[in-house]
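Engineer: Pasting in a structure now, in structure tokens, and then I'll have a few things to ask.
There are 4 protein chains.
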Amino acid sequence: MSSEFGSILRVSVFGQSHGRAIGVVVDGLPAGEAVDREELQRFLDRRRPGGSPLSTARKETDIPEFLSGLEGGKTCGAPLCAVIRNADQHSGDYGELADKPRPGHADFTAWAKWGGHADMRGGGHFSGRLTAPLCVAGGIAKQILARRGIFVGAHLAAVAGICDRPFPLHPSRELFDEIASRPFPVLDEEAGERMRAAILEAKNDLDSVGGIIECAAAGLPPGLGEPMFGGIENRLAAALFGIPAVKGLEFGEGFRAAALRGSENNDPFAVENGRVRAESNRAGGILGGITTGMPLVLRAAVKPTPSIGRAQRTVCLSAMEPAELTIHGRHDPCVAHRAVPVVEAVTAAVLLDLLLEGNHGTF
Amino acid sequence: MSSEFGSILRVSVFGQSHGRAIGVVVDGLPAGEAVDREELQRFLDRRRPGGSPLSTARKETDIPEFLSGLEGGKTCGAPLCAVIRNADQHSGDYGELADKPRPGHADFTAWAKWGGHADMRGGGHFSGRLTAPLCVAGGIAKQILARRGIFVGAHLAAVAGICDRPFPLHPSRELFDEIASRPFPVLDEEAGERMRAAILEAKNDLDSVGGIIECAAAGLPPGLGEPMFGGIENRLAAALFGIPAVKGLEFGEGFRAAALRGSENNDPFAVENGRVRAESNRAGGILGGITTGMPLVLRAAVKPTPSIGRAQRTVCLSAMEPAELTIHGRHDPCVAHRAVPVVEAVTAAVLLDLLLEGNHGTF
Amino acid sequence: MSSEFGSILRVSVFGQSHGRAIGVVVDGLPAGEAVDREELQRFLDRRRPGGSPLSTARKETDIPEFLSGLEGGKTCGAPLCAVIRNADQHSGDYGELADKPRPGHADFTAWAKWGGHADMRGGGHFSGRLTAPLCVAGGIAKQILARRGIFVGAHLAAVAGICDRPFPLHPSRELFDEIASRPFPVLDEEAGERMRAAILEAKNDLDSVGGIIECAAAGLPPGLGEPMFGGIENRLAAALFGIPAVKGLEFGEGFRAAALRGSENNDPFAVENGRVRAESNRAGGILGGITTGMPLVLRAAVKPTPSIGRAQRTVCLSAMEPAELTIHGRHDPCVAHRAVPVVEAVTAAVLLDLLLEGNHGTF
Amino acid sequence: MSSEFGSILRVSVFGQSHGRAIGVVVDGLPAGEAVDREELQRFLDRRRPGGSPLSTARKETDIPEFLSGLEGGKTCGAPLCAVIRNADQHSGDYGELADKPRPGHADFTAWAKWGGHADMRGGGHFSGRLTAPLCVAGGIAKQILARRGIFVGAHLAAVAGICDRPFPLHPSRELFDEIASRPFPVLDEEAGERMRAAILEAKNDLDSVGGIIECAAAGLPPGLGEPMFGGIENRLAAALFGIPAVKGLEFGEGFRAAALRGSENNDPFAVENGRVRAESNRAGGILGGITTGMPLVLRAAVKPTPSIGRAQRTVCLSAMEPAELTIHGRHDPCVAHRAVPVVEAVTAAVLLDLLLEGNHGTF
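Chains as they are written, first to last, in the working numbering: chain A, 1 to 363; chain B, 1 to 363; chain C, 1 to 363; chain D, 1 to 363.
Put into structure tokens, the structure is as follows:
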């Protein structure tokens, strides 16, 4: 029950950063859905590092092989399995870490849990690398949703305290496509420049920065989700906190709503083309856990990459005594920008799962 | 799958605000656990309104009747069912609302979902009143955890932008008890005074305010939780977003971490009495979804009560035309302070569920 | 996870035989479905003992009180909770049993599991009495299914080795209704006479007999169910083995198929009114876990009631030494005939759950 | 939710008979468990056809590649993924079948469900070939259980109506090993000879036969399993009906119990070495869904292979008219003997899952 999420649509991720391969099994996909491999690859490439000085120098080609679930380029009802072989493994870089847990990483908790049996090279199963198979699953979900007029997109809302513009009231497919085509996923390119500078500055300081990702889904019908624990917030949260480094999640105004008055935070209802619309969207498209038909809007907080080049205080587990650790190897001074498509992927997979449940209250 | 959460320990909530009764079935409780009814009632009373001008004037006695699951005051292995009869129902207050959805409420989404079949008097199954049975389940979980040295407590971290002190690095049972005994659940009573003033001011303005609840759990072993989607954050989030009005959730530094550098956000490890401890706790006691053994710390954002006395713009669903709505009846100008024990309750139930899974990686 | 089943439709049973009440929470019912209380009561009465010398002399009125989930006689989207108070409790009859587990009962396993904390008066939560709330849930599911042209019925296929006729190839609603209206639920009334005689003979011998229940569902669409572990057989089995005393389950020819040849067991396909039909139904309406559109047919084996009046060898748990036990009190010499509506109820609830999942492969 | 089972231990099977590969992801394995690859291969070989005239002439090497989850030959806490490449694909044999569903196969139901999108070459995801990855998962579970003194074994209880001896009251590890080492998995080799003759006779008749598999688990503690729907029977049934061709399942006396009297079917309790034992085991080691500590015994009915060489009546789906079908290619005249290790595998995986839940009622 650890590396899976979903109810009708089950996404099960496997692999360790430096093992033979990483991959995903997606069970419950509707049959007959075309998978556009080129579009999927472009989506995966948004997550991939390489080239840019903003990311790790590791090369990850991230081309999935589909072992099952596709027939003639379409889903065939059987579980889909996609595998990505691990090629560029510098396991030598991680020798010291087995005994000296990196602050801010899962090294220590994996040791506490599994008593040293864990394969923690490069973070093992906790590695951000596991988000590649997540993007395979979510990229396919995005294609299926788009065919029904539901579009999921995200941008980098903040890095190191520097903020992008928020999404407009009605983010469109075109806007999502435009962000996706940019080398740096922001709405306000000037803010993006300052974010990039902050990332490079952190890199030069042998340090790292975090960020916030804002994700939206347009085209959802009203009435999706269930009361209380079956709410769309609950289900998205249960999946989104599985993305490594995510430490906070909010819907609509979220934490800011806590400082507003009801008269400011309530979205007035209006009639538009014979349908109920909200005049504003502080609820993020969700009331009582159920979609209003307005765009779903969420924000995920990504902590600064814990792998930094500076010396840090840790312990030597074998001797149980204080130690100093300097992490070598190639690391990302920021992962928030690379996590933008990952948040989209997980959001899309959860929404498709909900839509597959059918009926939504009446029958 | 809507009004339940948990894996081994299943908490299933039922009832509508103005129906015959509300209640909870708790399946999977360990057998032989004493339930201290007086202690439980004191816990429930922390959630209850009444008396104070800060809350609704509705009277809710909230004394549960146990229909099953207890034998001689102890759990007997069978599912526990507790029922609270609804007494003080002024259904008349809600007549107009069936056709004019209240902004910020689930009235509209329930209508979109169930086409008018919903019992939405007083919010129906979406009502904050449903948190009373949640507190029965969580209150029992708290007693069971306390017997194993695990203590869960919370305070009101902010109201209307006014902040309480955060929990100290190692919040203790005594501190939790002290907050619980106070009429207003804060650490800094002076801040509490200002919060109360802000609530009363909102009330006088026929408006409402929101707040933030900080919850901590002390005494958890390291190694609890699973990687990725089985993480302790995922499971807490899946449940906590089921509390009405919660719109944001963060662990440790959460959203603030997004503006920190890695060197600031990483908690250095140290050796203390032969065990690994972190020198700070920005991770909120969780790395890679697994407990570190440091206190678990989370913060939940509660939006301002959507029921306010001011006129609001809405629509008349039957005529599908704009309408104005002025909500009468008795409402809370703030629910954040009443939600403090609810956050404790849900947190405790999730933690007990995780502990019941046993083994935690080795076998 | 013990006393619940279902995915979208969750049925959660609570209560002990001699506790205050027994009941059920049904979460996930579609909204706007009328519940015909009189029809439901007639269904519950089929399970009820009383009057007949074939059953226990205990009086159980079994009239449910609905605490939630209904509004104006229709489901309202919120979880439905129904409670049946326990009235006729002769707890005194069970005193000796706490220390001397009854052979064939769960007394010993409950003790092994819960170390004496269990409330085992009358079987506690393991009692056949818990099938009353199951019938409330399933009776409502039957009404909802019938509105869509899906009918579930059952008969007593065997008692004490005496066999009823099997269902015809296409059992109809009328046939189901006819069986339901009979005092003894068989197709062949002459066989029914001999079954009754066998039950009375066992009663006179202070003994008991078992039986087999055959259940069918007509009107199911083809294509319902998922491959492998999501098959309709898997899901029905996961629920049906929860009925006390069920020790075997088969679909279509079941165990008899193991002695047939492929040429005998394969159902040839034919075209009928432009649709594919099978000429026979040895598959019981299921191939590969998925419905064929032919009637679903299953058979459940019910063991002889373990409570018998004869002296039996057991152990005294406190002294851990051999003991003899003679069970007094009022017991059923056979429960198979009373279990007929229970098998219908559980089957109907599982089928409704599957239908609520929607989509069924395409989208 | 279709091709997975388990709660803490999740087994997720993927692949189609004639796709690139088949495989399994096993999530939730305890860490630090050695996987003896040679022992596992011997287990897989018991399922493999080849050589014998009793099975298909297809060659399946069935050597799994482990992509993740193992580190130094031991489980590392991360999900384990094993892949078996499909080599010997004669897809040409299956051309005609796309339009003429084979009686007794899932061809028609897959078409009804997925509208022709399914990859049904060789049965696709419904193929018996998918039991190979199941055996990888179950074979590992067997090794882990054996290390704790829990042993799972099975034999062919019947073929074509010819019966093997049943297991003795206390089947031992040695007995399980002995059966496993035999070319034909029976206790009574003389009965085995007659079974083999019956299989060959069916083969010569271009027909097939079915059989019954009896499986036992020795060494289970008492108290494992939950009441009602969390019972060990429910959980085993939910998984075992996922094995292709299984159409019936019974525990202990099962269907035979329906013809016994209570005085015959109740197992008397006795004291043996200071512990409670049953003198007989008609309950199959389970009372009230919970283990008694006696051997768990179950029997699964396997229908005759639907693929037979004789001409059969079917329909032409494109023309929707009657058709005749003669299946060519290489098929098993019986799969029951090959399913013996599969039943062991699934049983072992379910039992390990239950054991991993921990606590079992007390805490």
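Don't be surprised by glycine CBs; every beta carbon is placed ideally from N, CA and C.
Beta-carbon separation of C/S3 and B/D45 under 9 angstroms?
Structural biologist: Within the third sequence, residue 3 of chain C is the residue found at index 3, counting from 1. Within the second sequence, residue 45 of chain B is the residue found at index 45, counting from 1. Contact: no.
Engineer: For A/K203, I'd like the list of residues in its chain whose CB is within less than 6 angstroms of its CB, leaving aside the five on either flank, ordered along the chain.
Structural biologist: The residue given as residue 203 of chain A occupies position 203 in the first sequence. P333.
Engineer: Is C/F229 helix, strand or coil by DSSP?
Structural biologist: The residue given as residue 229 of chain C occupies position 229 in the third sequence. If DSSP states are grouped into helix, strand and coil, C/F229 belongs with the helices.
Engineer: Count the other CB atoms within 10 Å of the CB of A/I63; is the residue buried (16 or more) or exposed (fewer)?
Structural biologist: Against the first sequence, residue 63 of chain A aligns to sequence position 63. A/I63 should be labelled exposed.
Engineer: Against D/E4, what residues of chain A qualify as contacts under a CB-to-CB distance less than 9 angstroms, listed in chain order?
Structural biologist: Here residue 4 of chain D refers to the residue found at position 4 of the fourth sequence. Near D/E4 (Cβ distances below 9 angstroms), the residues of chain A are E4, R10, S12, V25, D27, P79.
Engineer: When you compare the CB positions of B/S68 and C/R129, do they come within less than 9 angstroms of one another, or not?
Structural biologist: Within the second sequence, residue 68 of chain B is the residue found at index 68, counting from 1. Within the third sequence, residue 129 of chain C is the residue found at index 129, counting from 1. No. Outside cutoff.
Engineer: Quick one: grab the DSSP three-state call for B/T61.
Structural biologist: Against the second sequence, residue 61 of chain B aligns to sequence position 61. Residue state, collapsed to three classes: coil.
Engineer: Nearest to C/A216 by alpha carbon, out of C/R165, C/A180, C/V152?
Structural biologist: Sequence index remark: in the third sequence, residue 216 of chain C carries index 216 (1-based). It is C/V152 whose Cα lies nearest to the Cα of C/A216.
Engineer: So which residues on chain A does B/G192 lean against when the C-beta distance must stay under 8 angstroms?
Structural biologist: As a working mapping, residue 192 of chain B is identified with position 192 in the second sequence. Neighbours of B/G192 on chain A: none; closest Cβ ~16 angstroms, over 8 angstroms.
Engineer: Work out the CA separation of D/W111 and D/N86 for me, nearest whole Å.
Structural biologist: Along the fourth sequence, read from residue 1 onward, the residue named residue 86 of chain D stands at position 86. Along the fourth sequence, read from residue 1 onward, the residue named residue 111 of chain D stands at position 111. Between the alpha carbons of D/N86 and D/W111 lies a gap of roughly 24 angstroms.
Engineer: The beta strand (DSSP E) spanning B/G15 covers which residue range?
Structural biologist: Position 15 of the second sequence, counting from 1, holds the residue named residue 15 of chain B. Its beta strand (DSSP E) spans residues 10 to 15.
Engineer: Is A/A82 closer than 9 angstroms to A/P133 when the C-beta atoms are compared?
Structural biologist: As a position in the first sequence, residue 133 of chain A is number 133, starting the count at 1. As a position in the first sequence, residue 82 of chain A is number 82, starting the count at 1. Yes; because the gap between Cβ atoms is below 9 angstroms, this pair is in contact.
Engineer: Tell whether a beta-carbon distance below 9 angstroms holds between C/A283 and C/E253.
Structural biologist: As a working note, residue 283 of chain C is residue 283 in the third sequence. As a working note, residue 253 of chain C is residue 253 in the third sequence. A contact, by the Cβ cut-off of 9 angstroms.
Engineer: Suppose only complete runs of 4+ residues qualify. What are the alpha helix (DSSP H) ranges in the stretch 288 to 336 of chain B, listed by chain order?
Structural biologist: none
Engineer: Return the bridge partner residues of A/D27 from the DSSP annotation.
Structural biologist: The residue given as residue 27 of chain A occupies position 27 in the first sequence. DSSP output for A/D27 lists A/R10 as bridge partner(s).
Engineer: Could you spell out where the beta strand (DSSP E) holding C/C215 opens and where it closes?
Structural biologist: Mapped onto the third sequence, residue 215 of chain C falls at position 215. For C/C215, the uninterrupted beta strand (DSSP E) segment begins and ends at 211 to 218.
Engineer: Identify the continuous alpha helix (DSSP H) that holds B/L187 and give its terminal residues.
Structural biologist: Sequence index remark: in the second sequence, residue 187 of chain B carries index 187 (1-based). No alpha helix (DSSP H) holds B/L187; DSSP gives it neither H nor E.
Engineer: Give, in chain order, every residue of the stretch 348 to 361 of chain B whose Cβ lies closer than 9 angstroms to some Cβ of chain D.
Structural biologist: L352, L355, L356, E357, G358, N359, H360, G361
Engineer: Tell me, to the nearest whole angstrom, how far the beta carbon of A/P295 is from that of A/A218; I am working on the premise that it is less than 8 angstroms.
Structural biologist: Mapped onto the first sequence, residue 295 of chain A falls at position 295. Mapped onto the first sequence, residue 218 of chain A falls at position 218. Rounded, the Cβ-Cβ distance is 5 angstroms, consistent with contact.
Engineer: Could you pull the start and end residues of the alpha helix (DSSP H) that A/L156 belongs to?
Structural biologist: Looking up residue 156 of chain A in the first sequence gives position 156. Not the alpha helix (DSSP H): A/L156 falls in the beta strand (DSSP E), residues 151 to 159.
Engineer: Alpha carbon to alpha carbon, what distance is there between D/F176 and D/G192?
Structural biologist: Your numbering for residue 192 of chain D matches position 192 in the fourth sequence. Your numbering for residue 176 of chain D matches position 176 in the fourth sequence. Approximately 16 angstroms between the Cα atoms of the pair.
Engineer: Please list the terminal residues of the continuous beta strand (DSSP E) segment that includes B/I84.
Structural biologist: Taking the second sequence and counting its residues from 1, the one referred to as residue 84 of chain B is at position 84. Counting along the chain, the beta strand (DSSP E) containing B/I84 begins and ends at 80 to 85.
Engineer: List the whole-angstrom C-beta distance separating B/C135 from B/V342, where the pair is believed to meet the contact cut-off of C-beta under 8 angstroms.
Structural biologist: Reading the second sequence from its first residue, position 135 is the one you call residue 135 of chain B. Reading the second sequence from its first residue, position 342 is the one you call residue 342 of chain B. Right, the Cβ-Cβ distance comes to about 6 angstroms (below 8 angstroms), so this counts as a contact.
Engineer: Among B/E250, B/R277, B/R48, whose alpha-carbon lies nearest the alpha-carbon of B/P222?
Structural biologist: Along the second sequence, read from residue 1 onward, the residue named residue 222 of chain B stands at position 222. Taking only the C-alpha atoms, the option nearest B/P222 is B/R277.
Engineer: Determine, using beta-carbon pairs with one atom in the stretch 299 to 313 of chain A and one in the stretch 268 to 276 of chain A, whether at least three such pairs fall under 8 angstroms.
Structural biologist: no
Engineer: Below 8 angstroms, how does it come out for the stretch 182 to 192 of chain B and the stretch 241 to 255 of chain A: are there three or more Cβ pairs, yes or no?
Structural biologist: No, the stretch 182 to 192 of chain B is not in contact with the stretch 241 to 255 of chain A.
Engineer: Which value, in whole angstroms, describes the spacing of the CA atoms of A/R148 and A/A345?
Structural biologist: Counted from its first residue, the first sequence places residue 148 of chain A at position 148. Counted from its first residue, the first sequence places residue 345 of chain A at position 345. Cα-Cα distance, rounded: 17 angstroms.
Engineer: What residue range does the beta strand (DSSP E) around C/L249 cover?
Structural biologist: For the purposes of this step, residue 249 of chain C is identified with residue 249 of the third sequence, where counting begins at 1. 246 to 251 is the extent of the beta strand (DSSP E) around C/L249.
Engineer: Please go through the same chain and pick out, in chain order, the residues whose beta-carbon is closer than 6 angstroms to the beta-carbon of D/F108, but skip the five residues on each side of it.
Structural biologist: What you label residue 108 of chain D is simply residue 108 of the fourth sequence in a count that begins at 1. Here the set comprises P101.
Engineer: Would you say D/F14 and A/L70 are within 9 angstroms of each other, going by their C-beta atoms?
Structural biologist: Within the fourth sequence, numbered from 1, the residue matching residue 14 of chain D stands at position 14. Within the first sequence, numbered from 1, the residue matching residue 70 of chain A stands at position 70. No, they are not a contact pair.
Engineer: Do you know offhand how far C/G23's Cα is from D/G225's?
Structural biologist: One-based indexing of the third sequence puts residue 23 of chain C at position 23. One-based indexing of the fourth sequence puts residue 225 of chain D at position 225. So the two alpha carbons sit approximately 22 angstroms from each other.
Engineer: Within 10 Å of its beta-carbon, does D/A31 have 16 or more other beta-carbons around it, so buried, or fewer, so exposed?
Structural biologist: The residue given as residue 31 of chain D occupies position 31 in the fourth sequence. Label assigned to D/A31: buried.
Engineer: Return yes when the Cβ of D/H328 is within less than 9 angstroms of the Cβ of D/S208, no when it is not.
Structural biologist: Indexing the fourth sequence from 1 puts residue 208 of chain D at position 208. Indexing the fourth sequence from 1 puts residue 328 of chain D at position 328. The answer is no: Cβ separation not under 9 angstroms.
Engineer: Near D/A349, what residues of its chain come up, given a Cβ to Cβ distance below 6 angstroms and the 5 sequence neighbours on each side ignored?
Structural biologist: Along the fourth sequence, one-based indexing puts residue 349 of chain D at 349. These residues qualify, in order along the chain: V11, A137, G138, A141.
Engineer: Specify, as a first and last residue, the run of the beta strand (DSSP E) that B/F269 falls within.
Structural biologist: Here residue 269 of chain B corresponds to residue number 269 of the second sequence, with the count starting at 1. B/F269 -> beta strand (DSSP E) spans 269 to 272.
Engineer: With C-beta atoms as the reference, is A/S17 less than 9 angstroms away from A/S127?
Structural biologist: As a first step, residue 17 of chain A is located in the first sequence; it is residue number 17 there, counting from the start. As a first step, residue 127 of chain A is located in the first sequence; it is residue number 127 there, counting from the start. Yes, they are a contact pair.
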